[in-house]
Structure formats: C-alpha cells, structure tokens
Amino acid sequence: MGIFLIFFRAQGGKIQRALPLFYGNLVIPETMLAISLLSYFTLFKVELGLPTLIVAHTVLGLGFVIPILTTRFLQLDKRLTEASEVLGATPLQTFFRVTLPMLRPTIIASGLLIFILSFDDFILSYFCSGTSVQTLSLYLLSMLRSGISPIVNALSTLLFLLSGLLVMLFFSPKIRSRLF
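What follows is the structure, given as structure tokens:
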C-alpha cells in the first residue's frame, strides 16, 4: 500500500497532501494511537476483531514504511524511467518493470521492519483485537497471568530462535543475491 502511495505522490496527485498524516506514528506514543483507533472504531460502531486488528497494524506500519519508501523513491535515477517511456513502455509497464525492481530491496527491508514491529506488538493488539482474536503476545500475557509455565518458556525460546534464524538467512550471501 505504501508503494502505491509513494508512486502517486511522485505523480503529483492529491494523495500528496495526505501523506504527512502517516508520519504522526513516529512521534505519537503507541498507546495514544491504540486509544485513538479504539475510539474511532467505537464511534463508528465497528465490531472489534481481525479486521480492526489488521487496520491498526496497517496504520502503524504506514508511518514507518512511507518515509523509508519516499526517501528511496526520490533517490531513484529518473533517467531510467524516462528511457523506458521513450522506448514505448506504458506508465504501468514502467512501474512494474523498472521502478518496482529498483525498489525491491527497500520494500523487503520495510516489510521485515513492519513484521518485527507487528509481531511483538502488544498495545495495539490489546486495544483493537476484541475478544475473538488472540495474537501471540496476548496469548503469552494470558499464560503469564496464571503463572510462568513451560509453554511460555518454550514459546519464548522458539521466537528467539526464529528471529536468529531469520537474521542468519538474511545475511547469507546466497539468499541476499536472490532477494536483491
């Protein structure tokens, strides 16, 4: 979603005026964001569940993704897109065959950042998920309320090992050459 917002911003669309609204996530405490979203959902009588949790994490993620993608998009060599248009490519073909491949490392890095932020996020999940959805962080909290059990220790160890494995895979030269 952030990619298309940045692309339309560069085209001079009306979206350009709304993009600074997403930067608020960087300066607003997450608790305030969660309470604001909960108030918004309550005001419009939206039932809390998986859709509201997805919206909350999307709003959180856009505040981090848009500045990163904007910076990279502005650093792209415009001569390459101009050359593709001169050679007869439509704007859509230029976007998918020239611009998007140049943005791929930034998109992957942004996706990993948002995954890490959302994966262990407790506050947004607590306020915006309702009772029908239970994320891993909410599950761990409910397990800790009844006392520390071996399940909590095992899950914590698995999360630690998974994150270490992802870092090792990301820094593997063979994997990096395929992604970038």
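The sequence shown begins at 0 in numbering that gives the first Met the number 0 and counts up one residue at a time.
Just so it is clear, CB atoms sit at the ideal spot from N, CA and C, and this is done for glycine as well.
Within the same chain, show all residues whose beta-carbon is closer than 7 Å to that of residue i, passing over the 5 residues directly before and after it, in chain order.
i             : result
isoleucine 34 : Phe126
leucine 181   : The shown model of the chain, from 0 to 179, leaves out residue 181, and the question about it has no answer.
glutamate 190 : With the chain running from 0 to 179 in the structure shown, residue 190 is simply not present.
serine 136    : Asp119, Asp120, Phe121, Ser124
leucine 79    : Val97
May I ask you to report which of helix, strand or coil DSSP gives residue i?
i             : result
isoleucine 34 : helix
serine 136    : helix
leucine 75    : coil
glutamate 46  : coil
glycine 146   : coil
isoleucine 27 : coil
serine 171    : coil
Compare the C-alpha of residue i against each of the options and name the closest.
i             : options                        : result
leucine 25    : Asn152, Leu59, Asp119          : Leu59
serine 141    : Val45, Phe72, Phe121, Lys173   : Phe121
leucine 99    : Leu116, Lys77, Tyr138, Pro28   : Lys77
alanine 55    : Leu102, Phe118, Pro19, Leu160  : Phe118
leucine 32    : Leu123, Ser145, Val45, Leu168  : Leu123
serine 162    : Leu116, Met101, Gln74, Ser176  : Leu116
leucine 73    : Thr105, Gly87, Ala153, Leu47   : Thr105
threonine 134 : Ile147, Gly146, Leu154, Ser148 : Leu154
threonine 70  : Met101, Gly87, Leu168, Phe40   : Met101
Apart from the five residues on each side of it in sequence, which residues of its chain come closer than 6 Å, Cβ to Cβ, to residue i?
i          : result
leucine 49 : Val132
Can you list, in chain order, the residues of its chain whose CB lies under 8 Å from that of residue i, leaving out five sequence neighbours each side?
i           : result
tyrosine 22 : Gly62, Ile65, Pro66
Taking only runs that begin and end inside the region 85-130, name each unbroken alpha helix (DSSP H) of 4 or more residues, in chain order. Those alpha helix (DSSP H) runs which fall completely within the region 85-130 and span 4+ residues are 90-93, 99-118, 122-127.
Within 8 Å, do at least three Cβ pairs link the region 128-135 to the region 90-98? Segments in contact, no.
Taking 8 Å as the threshold, find out whether the region 57-73 comes into contact with the region 111-124 through three or more Cβ pairs. Yes, the region 57-73 touches the region 111-124.
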